[in-house]
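Peer 1: I'd like to ask some things about the structure below.
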Amino acid sequence: MAVRLLLPSLPPELRDLIYAQTISNSAHAATNGLPFTRKIYDSSHTRVEIMPVHYGNAGLLALQRYRYLEGDEYANWTLANAVQLRITVLFKGHVNTFVQEHWDKKIATHLKNLAKRYPWLRKVADYDVKILWRPCSWAPSKKKRRAGAIAKRMVEVLTQEMDAHVRAKRGNVHAGLYVAKWVVGDLGVRGQALGLGEFVWDVEEGFAKTQVREMGIAVGDEESGRPETCGYLPSHFKAIPGITTATNKEHRFKSVCRRKLQQDQEDDVVFEGGDDDDDDVEPSTQRAMLATAEEISGFGQANAHVQTQR
């Protein structure tokens, strides 16, 4: 069967302009038409899930099966310009036996092999990394392993396959760290910090054109009777057993801090400490939000070169 043409009179440049008009971030993310839908790397300490999504037009992608040239063109254009990598990390192991260097090497090898098989991954400019901090145990350690520092390094490793030119011109890395509420409460009693300020503030300039760092509390599901295991979180976590994700109408995790960094622009920083008049925030969650906000802001104030706004 011969190759068909849908827009035979238009040059490739104009067809690319038409393809660009089909992309809308307000549309539902889809996985159809992509070379793979999900990769999972499970270990004793973490579960890493990589899922590419796009906001393109499903109808145009479907043209491939009918041998339209524009269908193949649009698929290639989508891979180069309209794919977002959603990466979910569940930290589920023992903090004091976690070896960052071993994890870095193992994940870097997986990502390198994945990029070798799918070269278009290096051209993906949009990364959305969500990390759920829910260790099976947490005990004081002389090594002072901090959740913030570990999560920060995880983001660096998980995005290292992004092409340097793409990173500088279009790179957009949105990283969120969500800590189980019981972890925050337990450490508050022990007086041991999580190092959350390192995740929010200690970010390398030029890491990407646009960066967003968000820290939140994973609020438990009181109705299930298992507040320590069921948190309401963004939909990235829906494939993880034992996790309840938020609906599109309402995010049930509580955001504590959100920081946006753009090249040549002033930082946009917002703290949400949980107002006393907010009936939706139970006292224990409110205390956890305030404690983490104080820790994050304290780290920022200790670094004079960082400007904050509250």
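For the sequence shown, position 310 matches number 310 in UniProt numbering, and the numbering has no gaps at all.
Virtual Cβ for every residue (Gly too), placed ideally from N, Cα, C.
1) Hey, how far is the Cα of Glu222 from the Cα of Ala151?
2) Under three-state DSSP, which class holds His28?
3) Got a sec? Which residues, its chain only, sit under 8 Å from Glu198 by beta carbon, not counting five neighbours each side?
4) Decide yes or no for the touch test of the segment 54-69 against the segment 29-37: beta carbon pairs closer than 8 Å, at least 3 of them.
5) With DSSP as the reference, identify every bridge partner of Val89, one or two as the case may be.
6) For Gly71, count neighbouring Cβ atoms within 10 angstroms of its own Cβ and tell me buried if that reaches 16, exposed if not.
7) Rounded to whole angstroms, how far is the Cβ of residue 311 from the Cβ of Val129, which I believe are closer than 8 Å?
8) On the CB-based measure, 16 or more other CB atoms within 10 Å of its CB, does Arg4 come out buried or exposed?
9) Could you give the DSSP three-state label for Ile40: helix, strand or coil?
10) What does Lys112 pair with, by DSSP beta-bridge criteria?
11) On a CA-only basis, which of Leu34, Val48 and Trp77 is nearest Ile23? Give me that one, please.
12) Taking the beta strand (DSSP E) that Ala180 belongs to, which residues open and close that run?
13) Please name the residue, chosen from Arg259, Leu90, Glu161 and Val99, that lies closest to Gly171 on a Cα-to-Cα basis.
14) For Tyr66, list the residues DSSP reports as bridge partners.
Peer 2: Taking the structure as given:
1) What you label residue 222 is simply residue 222 of the sequence shown in a count that begins at 1. What you label residue 151 is simply residue 151 of the sequence shown in a count that begins at 1. Here the model assigns Glu222 a pLDDT of 38, short of 50, so the residue's position is not dependable, and the following value carries that caveat. So the two alpha carbons sit approximately 27 Å from each other.
2) Position 28 of the sequence shown, counted from the first residue, corresponds to residue 28. DSSP places His28 in coil when its eight states are reduced to three.
3) Counting from one through the sequence shown, the residue named residue 198 turns up at place 198. The residues are Arg146, Gly148, Ala149, Lys152 and Phe299.
4) yes
5) For the purposes of this step, residue 89 is taken as the residue at position 89 of the sequence shown. Val89 is bridged to Val48 and Ile131.
6) Sequence index remark: in the sequence shown, residue 71 carries index 71 (1-based). That one is buried.
7) Nothing can be reported for residue 311: it is not among the residues displayed for the chain, which extend from 1 to 310.
8) Here residue 4 corresponds to residue number 4 of the sequence shown, with the count starting at 1. Under this definition Arg4 is an exposed residue.
9) Here residue 40 corresponds to residue number 40 of the sequence shown, with the count starting at 1. Assigned with DSSP and collapsed to three states, Ile40 falls in strand.
10) Start at 1 with the first residue of the sequence shown, and residue 112 comes out as number 112. BP columns for Lys112 are empty, so no partner.
11) In the sequence shown, residue 23 corresponds to position 23, counting from 1. Relative to the Cα of Ile23, the nearest Cα in the group Leu34, Val48 and Trp77 belongs to Trp77.
12) As a position in the sequence shown, residue 180 is number 180, starting the count at 1. Here the beta strand (DSSP E) through Ala180 covers Asn172 to Ala180.
13) For this step, residue 171 is matched to residue 171 along the sequence shown. Of Arg259, Leu90, Glu161 and Val99, the residue nearest in Cα terms is Glu161.
14) Against the sequence shown, residue 66 aligns to sequence position 66. Partner(s): none; Tyr66 has no beta bridge.
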